[in-house]
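Participant:
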Amino acid sequence: MSEKTNGKPRVSFGVRVPNSGPLATVESMVEVAQEAESLGFDSVWVHDHLTWSDEIHRTHISSGADHGDVGNVSPDFYEAMTSLAYLAGMVRSVRLGIACVVVPCRNPLLAAKQIATLDVLCKGRLDVGVGIGSPSTIKSREYEVLGVNRKQRGKIADDHLRAMKQIWTTHPSNYEGPFVSFKDAAICPKPYQKPHPPLWIGGWTEAAMKRAAALGDGWLPAWLLPEDIGKRFHELQEMAKQQCREPDAIHLGIEVYGCIDEDPAKARRDGFGTLAIGQNTFERFMSVEQLAEVSLIGSPEEIRRRVNAYSEAGVSHFEIKFIYPTLTRHSQMLQLFAREVLAAFR
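Per numbering that gives the first Met the number 0, the very first residue in the sequence shown carries number 0; after that it's consecutive.
1. If you follow the alpha helix (DSSP H) that Val287 is part of, which residue opens it and which one closes it?
2. Quick one: what's got a C-beta closer than 8 Å to Ile276's C-beta in the same chain, skipping five residues either side?
3. When the Cα atoms are used, what is the spatial distance from Pro225 to Gln334?
4. Rounded to a whole number of angstroms, what is the C-alpha to C-alpha distance between Pro119 and Asn106?
5. What does the Cβ neighbour count give for Ala212, buried or exposed, with the cut at 16 atoms within 10 Å?
6. Assuming Ala337 is part of the alpha helix (DSSP H), what are its boundary residues?
7. Nearest CA to the CA of Tyr174: which residue from Asp158, Lys189, Pro188, Glu26?
8. Please classify Thr136: does DSSP put it in a helix, a strand, or coil?
9. Taking Cβ to Cβ, would you say Gly63 is nearer than 7 Å to Leu108?
10. Threshold first: 4 residues or longer. Then list the alpha helix (DSSP H) segments lying entirely within the segment 107–185, N to C.
11. Tell me whether the beta-carbon of Ser42 lies closer than 7 Å to the beta-carbon of Gly96.
12. In this structure, how does DSSP classify Leu86 when only helix, strand and coil are distinguished?
13. In angstroms with no decimal places, state the Cα-to-Cα distance between Gln113 and Arg15.
14. Helix, strand or coil for Gly20, going by three-state DSSP, please let me know.
15. Buried or exposed for Met332, going by 16 or more other Cβ atoms inside 10 Å?
16. By the three-class DSSP mapping on this structure, what secondary structure does Cys187 have?
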C-alpha cells in the first residue's frame, strides 16, 4: 500500500498492460511492463474476465484504442493470474496488480492458492483488486456460462473473500458460509505479504463501498470526480468505523483512462473516440465529455492539476488505462507522463 510523505499518502501510478484489446499479445504485455518499470511507474496491472466475446472485444477497450493501426481481431483475453505470474519473472521492482478479479466466478479455495503462490513468486509485490465484474459481463454471459447466480453475485463475493482470508491466515483452515464451507483445508503456501496481499475493492456503488469498509485494504472505484470521490471515501471510512475497523488503514485509489500530449486538443481527439465507442459498456451512463472529466486526458499541465485534485481528495493510487493506437504511441505517452507528471509527485 501507499507510503506517507509529509503526513499525506505518497501518490503512486500504475499502468494497465494489454492482456486484452487490439494490441493484446504476450510480447506487448512484456514490453509495456518493462518500459513502465524503467520509467519509474510504481505498478503494472491486468484486468480479469473468464469469458469474452467478439462484440465486447470491439467495444470494451481497456488497453489500446479504437483506432489501432494494426490490431488483433480475435477476442483474446489473457488470464489475469497466469499473465502476472509470467510478468513476475520479467520485471523486478514494480508491483503487480489485478483490477479486478471477478470473485464470484472463481472457486475461492483455488483462487486463494493461486493468489498466495503468485505473491510468493513475486516476493510480495502483488496487489489484488476484487469485485463482481463490470456490466461487460452481461453481454458476454460470464455468470451464465459459468453457472453462477448473477443475482447473488454480491453476497457470493463477500462469502468468497471471507473464505479466502481464512485460508491465507490459518492452517489448517475451517470456514462455514452461505455459499462455501470447508473443514481442515490444508492449503499452502501462505502469502508472502502478511496477513495477505492488499485487497483493493473495485466498484463505485454503495455496495462496493460497504464491501471495502468491511473487507478491503483499499477502494478502487472509477467514474468519480474529485469532489465525489472525496465525499464517498469519507462515508466509506464512517462505515469502516461501524465495522470496528481503523478507517485510516483503508487506502483510496482510482481507475482512469489516460491520454497525454503536449497538444491538449490532440490528446482529446485521440482519447474521445475510444471513450465514445465503449460508452454503453461502462458501469454508469455518462457523456463522452463527462467521461473525459473523470479521466487523465489532456496536456501535462492539465493532467497534473487533475491528479492534484484527486490527491487532495485522498486518492493515493492511479491505475491508468492509456489510450493508444500503437505501442510506439504508448511509449511516447509513457515517457511524457513520466517526465511531466510522475516527476511532479515524487
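Just so you know, even glycine gets a beta-carbon here, dropped at the ideal spot from N, CA and C.
Facilitator: According to the structure shown:
1. Taking the sequence shown and counting its residues from 1, the one referred to as residue 287 is at position 288. Going by DSSP, Val287 is part of the alpha helix (DSSP H) stretching over 287–292.
2. Position 277 of the sequence shown holds residue 276. Around Ile276: Arg57, Thr58, Ile60, Asp65.
3. Taking the first residue of the sequence shown as position 1, residue 225 is located at position 226. Taking the first residue of the sequence shown as position 1, residue 334 is located at position 335. So the alpha carbons of these two residues sit roughly 25 Å apart.
4. On the sequence shown, residue 119 is found 120 positions in, with the first residue counted as 1. On the sequence shown, residue 106 is found 107 positions in, with the first residue counted as 1. The residue you asked about is not Pro; residue 119 is Val in the sequence shown. Approximately 20 Å, taken between the alpha carbons.
5. Taking the first residue of the sequence shown as 1, we reach residue 212 at position 213. Buried, because 16 or more other Cβ atoms sit within 10 Å of the Cβ of Ala212.
6. In the sequence shown, the residue the question calls residue 337 occupies position 338. Per DSSP, Ala337 is one residue of the alpha helix (DSSP H) stretching across 326–339.
7. The count along the sequence shown starts at 1 and reaches residue 174 at position 175. Among Asp158, Lys189, Pro188, Glu26, the Cα nearest to that of Tyr174 belongs to Asp158.
8. For this step, residue 136 is matched to residue 137 along the sequence shown. Here the model assigns Thr136 a pLDDT of 49, short of 50, so the residue's position is not dependable, and the following value carries that caveat. In this structure, Thr136 counts as helix in the three-state DSSP scheme.
9. Numbered from 1 along the sequence shown, position 64 holds the residue referred to as residue 63. Numbered from 1 along the sequence shown, position 109 holds the residue referred to as residue 108. Going by C-beta atoms, Gly63 is not nearer than 7 Å to Leu108.
10. 107–120, 135–139, 141–145, 152–168
11. The residue you call residue 42 lines up with position 43 of the sequence shown. The residue you call residue 96 lines up with position 97 of the sequence shown. Result yes, Cβ atoms of Ser42 and Gly96 sit closer than 7 Å.
12. Reading the sequence shown from its first residue, position 87 is the one you call residue 86. Leu86: helix per DSSP, three-state reduction.
13. Residue mapping note: residue 113 aligns to position 114 of the sequence shown, counting from 1. Residue mapping note: residue 15 aligns to position 16 of the sequence shown, counting from 1. So the two alpha carbons sit approximately 21 Å from each other.
14. Looking up residue 20 in the sequence shown gives position 21. Here Gly20 sits in coil by DSSP.
15. To locate residue 332, count along the sequence shown from 1; it is residue 333. That one is buried.
16. Translated into positions along the sequence shown, residue 187 becomes position 188. Three-state DSSP puts Cys187 in coil, outside helix and strand.
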